[in-house]
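Chains as they are written, first to last, in the numbering used here: chain W, 84 to 251; chain Z, 80 to 232.
Yeah, the Cβ is synthetic: ideal placement off N, Cα and C, and Gly gets one too.
Treat the numbers as computed from the prediction; the structure is a model and nothing was measured.
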């Protein structure tokens, strides 16, 4: 039985070090959803060429070109279940990016950024990843970069909802 | 669990926080880190879900509609992919909506025990909502070049 923790560690390591090797972990008939917007053209890679385009920036090694130096750390591995009893896994990870010119279009000024995300992989019979669904928690990064994004702890007992009213 | 369970879960959001809490084990971990939520207490969980049961389109909380897009799993664990939109929300993540309908997609990992949700880990796409509300963010990847906010939203 293949080990999902080994898979997660290998994926997290190769994504930032060897694009060929991480793309080789996927099946040819892959379906890769990195978030989902209104259109699949960018958000859903359906072949290895498209996948390579999406993953290559994470293996950047030039600290001066603005693409950043990236690192993924596996925090938790959840044994999941795929379609038709296929093997699957959910990987909870922490990302750190250094030397980024921008983070999702927001000027980052080269500062070190970090956040968490969740990736789900399903495997085919040959052990290749044929589905991925990934989402990032972009919110704390935007807060770090100065966007007026608020996450008040409204679920805590005694929360003062009047604090949400716009200040005048 | 099943697609049906996932629909019941989302319908409970709309019904009442108490209905939602009944679907969770007594000993549970609920995480929606986008909202800063890491919850193990049912009273906190009920307060976290309270806005989703709002039915008044005029009070600024918004009417929150969810749909299940896909459920992949078995009786012990499942990945649920979903779509959300809110009408009448005065703001989202602190950004005024100016009357816009806001929405996005996400996925939730569930682990079940004795028919209840033992662990939940939810992630969703905040960037497309912020883009739609005029923030200068890009939906073209982590390393996308500098985005420009639209002149009007």
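{"query": "What distance in whole Å lies between the Cβ atoms of residue 157(Z) and residue 189(Z), which are believed to be in contact at a cut-off of 8 Å?", "result": "5 Å"}
{"query": "Give a yes or no on whether 7 Å exceeds the smallest Cβ distance from residue 94(Z) to chain W.", "result": "no"}
{"query": "Can you have a look at residue 240(W) and say buried or exposed, based on whether 16 or more other CB atoms are within 10 angstroms of its CB?", "result": "exposed"}
{"query": "Grouping DSSP H, G and I as helix and E and B as strand, with all else coil, what is residue 205(W)?", "result": "strand"}
{"query": "Rounded to a whole number of angstroms, what is the C-alpha to C-alpha distance between residue 184(Z) and residue 209(W)?", "result": "30 Å"}
{"query": "Grab me the residues of residue 92(Z)'s own chain with a C-beta within less than 8 Å of its C-beta, minus the 5 sequence neighbours each way, in chain order.", "result": "99, 128, 131, 132, 143, 145"}
{"query": "Would you tell me roughly how many angstroms separate the C-alpha atoms of residue 134(W) and residue 243(W), rounded to the nearest one?", "result": "46 Å"}
{"query": "Return the chain-ordered list of same chain residues with a C-beta closer than 7 Å to the C-beta of residue 151(W), the five sequence neighbours on each side being excluded.", "result": "143, 180, 181, 182, 183"}
{"query": "Any beta carbon from chain Z within less than 7 Å of residue 150(W)'s own beta carbon?", "result": "yes"}
{"query": "Does the contact criterion of 3 or more C-beta pairs under 8 Å hold for the stretch 203-213 of chain Z versus the stretch 167-175 of chain Z?", "result": "yes"}
{"query": "For residue 148(Z), count neighbouring C-beta atoms within 10 Å of its own C-beta (all shown protein chains included) and say buried if the count is 16 or more, exposed if not.", "result": "exposed"}
{"query": "In terms of alpha-carbon separation, which member of 161(Z), 152(Z), 113(Z) lies closest to residue 234(W)?", "result": "113(Z)"}
{"query": "Hey, residue 211(W) and residue 141(W): beta-carbon distance below 7 Å or not?", "result": "no"}
{"query": "Could you name the residues that DSSP lists as bridge partners for residue 176(W)?", "result": "157(W), 200(W)"}
{"query": "Report all residues from its chain with a CB closer than 6 Å to the CB of residue 82(W); omit the five preceding and five following residues, and keep chain order.", "result": "Because residue 82(W) is not part of the residues shown, which for chain W are 84 to 251, the question remains open."}
{"query": "Whole angstroms are fine: how far does the CA of residue 114(W) sit from the CA of residue 130(W)?", "result": "7 Å"}
{"query": "Quick check on the DSSP output: the alpha helix (DSSP H) that includes residue 90(Z) runs from which residue to which?", "result": "82-94"}
{"query": "With a CB to CB cut of under 7 Å and the five nearest residues on each side skipped, what residues in its chain are close to residue 224(W)?", "result": "186, 196, 198"}
{"query": "Look at the alpha carbon of residue 210(Z) and the alpha carbon of residue 217(Z), and state the distance between them as a whole number of angstroms.", "result": "7 Å"}
{"query": "Restricting to Cα atoms, I'd like to know which of 136(Z), 101(Z), 139(Z) is closest to residue 27(Z).", "result": "Beyond the ends of chain Z as shown, which are 80 and 232, falls residue 27(Z); an answer cannot be given."}
{"query": "Is the beta carbon of residue 213(W) less than 7 Å from the beta carbon of residue 162(W)?", "result": "no"}
{"query": "Per DSSP, which residues does residue 128(W) bridge with? Please list them.", "result": "115(W)"}
{"query": "Report the residue from 230(W), 232(W), 246(W), 121(W) whose alpha carbon sits nearest the alpha carbon of residue 219(Z).", "result": "121(W)"}
{"query": "Please name the residue, chosen from 166(Z), 196(Z), 221(Z), that lies closest to residue 188(W) on a Cα-to-Cα basis.", "result": "221(Z)"}
{"query": "Check each residue of the stretch 201-225 of chain Z: if its Cβ is closer than 8 Å to any Cβ of chain W, include it; give the result in chain order.", "result": "202, 203, 204, 205, 206, 207, 209, 214, 215, 216, 217, 218, 219, 220, 221, 222, 223, 224, 225"}
{"query": "Classify residue 101(Z) as helix, strand or coil using the three-state DSSP reduction.", "result": "helix"}
{"query": "Per DSSP, which residues does residue 188(Z) bridge with? Please list them.", "result": "158(Z), 200(Z)"}
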